[in-house]
Each structure stands twice: as C-alpha cells, then as structure tokens.
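In UniProt numbering, the protein residues as written are 1 to 238. All C-beta atoms in this analysis are idealised placements derived from N, C-alpha and C, irrespective of residue type, glycine included. Model, not experiment: these values are computed from the prediction.
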C-alpha cells in the first residue's frame, strides 16, 4: 500500500512538472510571437518618444513612492516577477480574511499596456513574465516606473500621468502636490471605479490605504501621512 501511494505521488509530481513545463514553453512562444513585429525595446522607445511623455526626473518622488507602495512594493528588489506577491495574490483568492491583491508587477503591467495584452489567459500571463524580465534587462527601475506611469490608465480618458495631471488638476506632473500624487497613484488599480469625475470618495478612500502602505514601507512617517491626507485636493473645473 505504501509503495502504491508513493508511486501515485511520483506520477502526480511528474504530471504536474510536465504540465508546468508545457505552460512555461507556451508562454515563451507567446512572448516571441508578441514581439515578432515590434520588439520590446522598439515598443518602449516609441512610447518614450511621445510628445506628452514625462521623463523620470520630472515625476515627483511622492508619486513614485506611492505607486510602488500600493502596486508593487518589492519593485526595486525583483527582476520583473514577484514570487511572494504572486503567492499572496493566489492565497487571497481562497482565504476570505486576506485583502484581495493582484499578482502582476509594475513590469508586467507595463508590457501588458505596451502591447494591449488584456486577455486574461495563463499563456498571456506567462508571456508577460518573460517580457517583464526582458524589460528589466533593457532599462533601469526608474525608467521602467516612468514608462509605466506614462502609459497606464488614470481614468476619465486620461492615459498617462501627463494627461492625468493636466486633466484633473490643470498642472504638469512636476507641479502635482503630494496629496494629488497619492490620489493619482491609486486610480490605475480600477480606473472605471476610481476616476475622480464620479468616484472621488472611493479614490480618497484608496488614498488612505496608499498612505498607510507608504508608512509601512517607511517612505513617510505617520505625521507626514496625516499632513498629506489633510491637504485639500481641488479638481480642475471642466
């Protein structure tokens, strides 16, 4: 009986390994297919050449810190795939007491938006991992973060941080206040449900979560978080 159970476990392990290997191979093939006509570097350079592109040195540090704290807190440590974050995201789907979270890193979200990879298939997800790793080989973390913020959806039709800063507040990204930075950092998680035109209160609630995350990651103190929260956030009148 013991031998039978051991053999069953070995067969199961072999099947899982084979299935995993097949999925990884399919993802790799998909990544090659995605970049066949336009390489990852070409796609990134095309985005960076846009007239409304805001370079890293013109993006406020508060916006960078808020984005990393809420979207990908191990951004500066991993190479495109956050194993811990992925496992936590998977666990959150089954454990009701855990806050639901996504497993995609900033790098994965960047390549997804560069190529419009919005089909939620496992093959696409694995391809994103390969491309995110490649992105880390091509650019610095600061460049990747800026690229992400220049192509992500900030709601109300504002694609990229330049359009969001101008559209919501009538300023360039460099002129954003700390509170404006934090509230903007929360929108890409669910643009339709957090856009400021008709979901301002929901966006402010998420701002509180981001400030807590920034304190936890030691970007700011509790006192600084309170000061940012108490800053008035006035939307530009349309």
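Across the structure, residue 179 and residue 195 are spaced so that their CA atoms are roughly 15 Å apart. Listed in chain order, the non-local C-beta contacts of residue 68 below 6 Å within the same chain comprise 75, local neighbours out to five positions each way being set aside. Relative to the Cα of residue 144, the nearest Cα in the group 51, 223, 57 and 158 belongs to 57. Fewer than three Cβ pairs drawn from the segment 187-202 and the segment 220-229 lie within less than 8 Å of each other, which leaves the two stretches out of contact.
By the neighbour-count criterion, in which 16 or more other beta carbons inside 10 Å mark a residue as buried, residue 113 falls on the buried side. Beta-bridge partners of residue 153 (DSSP): 159.
For the 8 Å CB-CB criterion, residue 210 and residue 126 do not form a contact. The segment 103-110 makes contact with the segment 127-136; the number of CB pairs closer than 8 Å reaches 3 or more. Taking 8 Å as the cut-off, the beta carbon of residue 169 is found no closer than this to the beta carbon of residue 63. Counting C-beta atoms within 10 angstroms of its own C-beta, residue 77 has fewer than 16 neighbours from the protein chains shown and is therefore classed as exposed. A direct Cα-to-Cα measurement between residue 146 and residue 54 gives close to 7 Å.
For residue 198, there is no enclosing alpha helix (DSSP H), as DSSP marks it with neither H nor E.
Contact annotation: residue 192 and residue 155 have beta-carbon atoms nearer than 8 Å. In this structure, 105 is the residue among 41, 105 and 29 with its C-alpha nearest to the C-alpha of residue 72.
If you check the CB distance, residue 151 and residue 47 come in under 8 Å.
For residue 222, the enclosing alpha helix (DSSP H) starts and ends at 222-229. With a 10 Å radius around the Cβ and a threshold of 16 neighbouring Cβ atoms, residue 162 comes out buried.
Between residue 213 and residue 203, the alpha-carbon positions lie close to 15 Å from each other. Residue 116 has its alpha-carbon roughly 31 Å from the corresponding atom of residue 177. Taking the Cβ atoms as the reference, residue 60 lies roughly 7 Å from residue 174, within the contact range of under 8 Å. DSSP, reduced to helix, strand and coil, places residue 169 within a helical segment of the structure shown. Between residue 197 and the set 167, 39 and 49, the nearest pair of CA atoms involves 167.
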